Amino acid sequence: RPLTVAIVGATGAVGMEFLRCLAERRFPVKELRLLASARSVGRELSFDGKALVVQELTEKSFEGVDIALFSAGGGISKRYAPIAVAAGAIVVDNSSAFRMDPEVPLVIPEINAGAIAGHKGIVANPNCAAIIAITPLWPIHQHNRIRRMTIATYQAASGAGAAAMDELADSTRAYLDGRAFQPRVLPHPYAFNLFSHNTAIDPETGYNDEETKVMRETRKIYGDPDLRLSATCVRVPVLRAHAAAVTFECERPIDEARVRVLLANAPGVRLVDDRERNIFPMPRDASQQDDILVGRIRQDLGDPSGHSISLFVAGDQLLKGAALNAVQIAEHLLAA
Ligand code: A2P
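In the numbering used here, the protein residues as written are 27 to 362.
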């Protein structure tokens, strides 16, 4: 049965990818309702070759909606997701508003699609850096439990929205032209620079919010509250794909050959691990790709007990990190 689908934040960086994923994956859409702020009313966006007009998000936007995909920030989700649910819609929420709510499934379909069935109207899409770092590791965790993980991220502008992507391009152009540039979206100069993730630091732990999300959400998605994690999240001048260096320690000894076989068969993952030609996952190659690229697979020589492996991943932040994962969740809702 074709569905009525609403996109909240349709004009945003993730919103536009929702449109593309729904069309490309032939999601059975009867009516698509594009919602954004009053600023965007009347703007036309193309869906599957047809022009659709953006409407203002209001409390009445969800009448008759079967599935609502939200990506307009946590504040909008907190206010409007319950309204959408009351109107009978199932919400797939890309914000962090409900992720740690015990009533709300937090889902990467390759890992815990089974959790979707327990939803009470809202399913949460995880943090983008968490999705890209931990999706490839799940088959390893199942084979030989990972008890500890250290993640260092290299995060793209897209995670901070379309305006941050524009700021990266504009500030780079200004830098090359020798013009001064005043950052508007991000707190630091972005061209030819990188900086610690622009979320607040917890004064008790010293971790920023992004790092805390990666650590907490991984435990919830893996269903393993005892998993020990440490993350360092950094914003790098890349447009739309996150990368991460990951080192993990398993309960039993593990060797890199075994890890390579597990990753070669992992869903949603592509091995890029060419030592001879020095070709490994790059954000440029991961951009616009559904698969997460994984390589640099090697024994962690810092752990002589042979329990630890280091590797490097890159994945499209707007696709598997956001829109694609949400549409995959919607496909599971459809099949239920
Ligand atoms: P708009 O384009 O009208 O501002 P991004 O993540 O790329 O920054 O995109 C954010 C998305 O959230 C945009 O589609 C934006 O719409 C939407 N949005 C932001 N604030 C509101 C609001 N108050 N009501 C509805 N949509 C909003």
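The beta carbon of each residue, even a glycine, is placed where N, CA and C say it ideally should be.
This one's a predicted model, so the numbers in the text were calculated from it and none came from an experiment.
For residue i, count neighbouring C-beta atoms within 10 Å of its own C-beta (all shown protein chains included) and say buried if the count is 16 or more, exposed if not.
i, result
"S197", "buried"
"R266", "buried"
"H167", "buried"
"L327", "exposed"
"D127", "exposed"
"F218", "exposed"
"T363", "No answer is possible for residue 363: the residues shown for the chain start at 27 and end at 362."
"G41", "buried"
"V287", "exposed"
"D299", "buried"
"T231", "exposed"
"P213", "exposed"
"N291", "exposed"
"A226", "exposed"
"E236", "buried"
Do the CB positions of residue i and residue j come within less than 7 Å of each other?
i, j, result
"V133", "A141", "yes"
"A271", "M308", "no"
"I318", "T161", "yes"
"S66", "G99", "no"
"V320", "L345", "no"
"Q325", "E282", "yes"
"V433", "I102", "This structure does not reach residue 433, given that the chain is present from 27 up to 362, and the question cannot be answered."
"E243", "R51", "no"
"A115", "V91", "yes"
"A190", "V211", "yes"
"N170", "I247", "no"
"L202", "V262", "no"
"K239", "N151", "no"
"L74", "A49", "Looking at the sequence provided, one finds Asp at residue 74 rather than Leu. Result yes, Cβ atoms of D74 and A49 sit closer than 7 Å."
"F88", "A113", "yes"
"P251", "E136", "no"
"A123", "K104", "yes"
"S336", "T273", "yes"
Taking residue i and residue j to be in contact with their CB atoms under 8 Å, please state how far apart those CB atoms are, rounded to whole angstroms.
i, j, result
"L78", "K56", "Actually they do not touch by this definition, with Cβ atoms about 13 Å apart."
"L95", "F44", "5 Å"
"S334", "E277", "11 Å between Cβ atoms; not a contact."
"A143", "A362", "6 Å"
Give me the residue from the options with the minimum Cα distance to residue i.
i, options, result
"I280", "R173, G347, L255 and N304", "R173"
"D329", "Y106, T176, A115 and R59", "T176"
"I158", "V353, A348 and D311", "A348"
"R46", "E193, R303, A352 and S103", "A352"
"Q354", "R105, K86, A62 and D119", "D119"
"S63", "A361, K76 and G38", "G38"
"N304", "A312, S313 and R322", "R322"
"Q315", "Y106, L350, N224 and F338", "L350"
"S222", "A182, E230, K246 and A36", "A182"
"A257", "A155, F306, L289 and V34", "A155"
"L194", "R59, G204, P215 and P135", "P215"
"L61", "N138, K246, K86 and R284", "K86"
"V295", "A312, R301 and R284", "A312"
"S97", "G185, Y233, A362 and P213", "G185"
"H268", "V285, L289 and R310", "R310"
Checking contacts by CB at 7 Å: is residue i closer than that to chain D?
i, result
"D127", "In summary, chain D is missing from the structure at hand, where a single protein chain is found."
Measuring from the CB of residue i, is there a heavy atom of the ligand SAH at a distance below 6 Å?
i, result
"R65", "Judged by which ligands are present, the ligand SAH is missing from the structure shown, whose ligands are the ligand A2P."
At 3 residues or longer, what runs of the beta strand (DSSP E) sit wholly inside the region 132-194?
Qualifying beta strand (DSSP E) stretches, in chain order: 148-150 and 172-181.
As an exercise, report each continuous beta strand (DSSP E) stretch of at least 3 residues that is fully enclosed by the region 308-333, in chain order.
Taking only runs of at least 3 residues, the beta strand (DSSP E) segments lying wholly in the region 308-333 are 318-325.
To test your reading of the DSSP string, which unbroken alpha helix (DSSP H) runs of 4 or more residues are found completely within the region 246-316?
Residue ranges of uninterrupted alpha helix (DSSP H) with 4 or more members, entirely inside the region 246-316 and ordered along the chain, are 282-290 and 309-312.
In chain order, which continuous runs of the alpha helix (DSSP H) of length 4 or greater are located wholly inside the region 31-88?
Qualifying alpha helix (DSSP H) stretches, in chain order: 39-50.
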